[in-house]
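Just below is one structure, and these are the notes that go with it.
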Amino acid sequence: PEVIENGETGLLVQAGDAGELAHAIEQLHSDPGLRAILGTSGRDFVTKQFDISSTVDQLSKNIL
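Residue numbers (this note's numbering): 80 to 143.
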């Protein structure tokens with residue numbers, strides 16, 4: 080949940096809900112456009128949020 084925004088960077092399902100998980104898997108299986116959008120958005124989010132220089136800057140500020 081820290082990285083995944085439902086419908087934007089991935090699909091979230093309720094823990095233990097096999098039916099909801101199956102539905103999400105079916106959505107991804109049957110919709111290549113959705114897979115592409117979620118994949119691109121997820122990659123962009125992680126690249127921006129966890130960029131090495133940004134991470135080092137944040138760590139430096141917290142340590143100093």
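Glycine is no exception: its CB is placed at the ideal position from the N, C-alpha and C atoms.
The straight-line gap separating the alpha-carbon atoms of T134 and G86 is approximately 26 Å. Residue pairing for G98: DSSP places it in no beta bridge. Residue burial annotation: T88 is buried, with at least 16 other C-beta atoms found within 10 angstroms of its C-beta. In the structure shown, G86 falls within a coil segment according to DSSP collapsed to helix, strand and coil. Distance from the CA of I83 to the CA of N141, rounded to the nearest whole angstrom, comes to 25 Å.
In the displayed model, L143 falls within coil according to three-state DSSP, outside both helix and strand.
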